[in-house]
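Residue numbers (mature numbering (1 follows the signal peptide of the UniProt record, and there is no 0)): -28 to -1, 1 to 397. The C-beta atom is built at its ideal place from N, Cα and C for all residues, glycine as well. Computed from a predicted structure; not experimentally measured.
Here you go:
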């Protein structure tokens, strides 16, 4: 729905934002609730002075509060020799993703910063040598190591992939789990249209009379799924498989005639993502090392009576749109197809979408993961400076790899030498 249909809500939003705090979803700066208008104080009648019974206490000198620790700078200048494995990586494998980033950049400041470098990359042609490409990057870019707010250098590196589900366009005993499109009653309000300081923040909700309320959470959606004003795109056979499709953000569905369609992220209900793996750990059902995607799936199938309770621990719910299945990867937040093992999801408040980075981490089997990557996607659980989600590709093998990836790693932003560093919160 178009936002202008709900312009009458503008006057109501300052009061409603507090009620909708649980429904706020930010893809930019962290939302800040606008200050409430102070209520005028009620006049107090004068009180007749009375002599004190006891002498007033001598005031205790105030001890100055300890100032909060200042956050570390987000960047630290580095040299190319600081990047472990830079000389061993083959940047040719990342060239298609690099050129895709150049086509997909939309933020004006980022486009301006990358204009000359992107033109130089295009002039290299489709098959430059490994050393030609490496030399161009080293000549035009400078590595900057990302630093966490507490001054540490390492952060969490996880993985995600594009799954394949079996599905049907008609409901049956086998295929009875609906895959929903965006509901007609889901309203999205861009808070930046009303408060410039909240640019990039939005509230999702639904109208009840003249009130804007948070949209239904996962448990509520599942309880009324057949009566929601949302188109059912397909029916799949396994609710846990659908859940992980929503976590990944996109996937493909194979129909009974062998054809495939892509299910791409369309919208979300506005509730925050909560890890069901963490819920299982907190419940004492799994240990940390068991809480991989495969471990969670195994637990769910061993405890079917608790499946609704498990899935309800994550109130977030993703809605899809249908696209034709192509030979390319799914489109990320940058709007370009993702490349397996070369595209990553990042927090765009720390790393501009489209930018190349160098990632140094480990694969689940202990092998080094030290290579050029492109920041081409985002995710609800991807928050922080040194934080990345590696797109491992399509299918079961990529899923097995992504499900076990939970490593510590370091990240360097590769930024044009002649451009100022991007602004960060």
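- Message: Closer than 8 Å is the cut-off here; do at least three beta carbon pairs connect the region 368 to 384 with the region 330 to 345?
- Response: yes
- Would DSSP call residue 118 helix, strand or coil? strand
- Query: Is the CB-CB distance between residue 52 and residue 100 below 8 Å?
  - Reply: no
- Task: Determine the direct distance from the alpha carbon of residue 161 to that of residue 169, and round the result to whole angstroms.
- Result: 15 Å
- Which term fits residue 324, buried or exposed, when burial requires 16 or more other beta carbons within 10 angstroms of its beta carbon? buried
- Item | Beta-carbon proximity of residue 209 to residue 102, cut-off 8 Å | no
- Message: Please tell me whether residue 48 has its Cβ less than 8 Å away from any Cβ of chain B.
- Response: Of the chains in the structure shown, none is chain B; there is only one protein chain.
- Message: Give me, in chain order, the residues of the same chain whose beta-carbon lies closer than 6 Å to that of residue 297; leave out the 5 immediate sequence neighbours on both sides.
- Response: 224, 232, 233 and 234
- Note down the Cα distance separating residue 140 from residue 229, rounded to an integer number of angstroms. 9 Å
- Determine the extent of the alpha helix (DSSP H) in which residue 395 is found, giving its start and end residues. Taken as a continuous stretch (DSSP letters only), residue 395 belongs to no alpha helix (DSSP H), as it is neither H nor E.
- Task: Take residue 340 and list the residues in its own chain whose beta-carbon comes closer than 7 Å to its own, dropping the five residues that flank it on each side.
- Result: 57 and 334
- Task: Just the C-alpha distance for residue 392 and residue 319, rounded to the nearest angstrom, thanks.
- Result: 19 Å
- Message: Within the continuous beta strand (DSSP E) that includes residue 334, where are the two ends?
- Response: 328 to 334
- Are the beta-carbon atoms of residue 375 and residue 247 separated by less than 8 Å? no
- Closest by C-alpha distance to residue 195, when choosing among 130, 352, 300 and 284: 284
- Please report how far the alpha carbon of residue 355 lies from the alpha carbon of residue 349, in whole angstroms. 12 Å
- Task: Count the other CB atoms, across all protein chains shown, that sit within 10 Å of the CB of residue 402; report buried if there are 16 or more and exposed otherwise.
- Result: It is not possible to answer for residue 402, since the shown part of the chain is limited to -28 through 397.
- Query: Whose CA, out of 215, 197, 238 and 373, lies closest to the CA of residue 249?
  - Reply: 215
- For residue 140, three-class secondary structure by DSSP: strand
- Task: Determine the extent of the beta strand (DSSP E) in which residue 183 is found, giving its start and end residues.
- Result: 183 to 186
- Message: Does the contact criterion of 3 or more C-beta pairs under 8 Å hold for the region 125 to 133 versus the region 104 to 111?
- Response: no
- Message: On the DSSP letters alone, give me the boundaries of the beta strand (DSSP E) that residue 363 sits inside.
- Response: 360 to 366
- Message: So the candidates are 78, 352 and 167; which of them puts its Cα closest to the Cα of residue 240?
- Response: 352
- Message: Helix, strand or coil, according to DSSP, for residue 259 in the structure here?
- Response: coil
- Apart from the five residues just before and just after residue 153, which ones in its own chain have a Cβ nearer than 7 Å to its Cβ? 202, 203, 205, 238, 291, 292 and 293
- Query: When we look at the beta-carbon of residue 220 and count the other beta-carbons within 10 Å, is it buried (16 or more) or exposed?
  - Reply: buried
- Message: Between which residues of its own chain and residue 119 is the CB-CB distance below 8 Å, once the five residues before and five after are set aside?
- Response: 44, 45, 46, 47, 48, 125, 357 and 358
- Message: Please classify residue 184 as buried or exposed, where buried requires at least 16 neighbouring CB atoms within 10 angstroms.
- Response: buried
- Message: Measuring alpha carbon to alpha carbon, tell me which residue in 42, 372, 85 and 76 is nearest residue 390.
- Response: 85
- Could you give the residue range of the beta strand (DSSP E) that holds residue 87? That residue, residue 87, is in no beta strand (DSSP E); its alpha helix (DSSP H) goes 80 to 95.
- Message: List, from N- to C-terminal side, the alpha helix (DSSP H) runs of 4 residues or more that fit wholly inside the region 266 to 343.
- Response: 279 to 284
- Drop a sphere of 10 angstroms on the beta-carbon of residue 260, count the other beta-carbons inside from all chains shown, and report buried for 16 or more, exposed for fewer. exposed
- N- and C-terminal bounds of the beta strand (DSSP E) containing residue 249: Element bounds for residue 249: not the beta strand (DSSP E) but the alpha helix (DSSP H), 248 to 254.
- Span of the beta strand (DSSP E), counted from its first residue to its last, around residue 160: 159 to 162
- Query: When the Cα atoms are used, what is the spatial distance from residue 286 to residue 79?
  - Reply: 32 Å
- Message: Assuming residue 173 is part of the beta strand (DSSP E), what are its boundary residues?
- Response: 173 to 180
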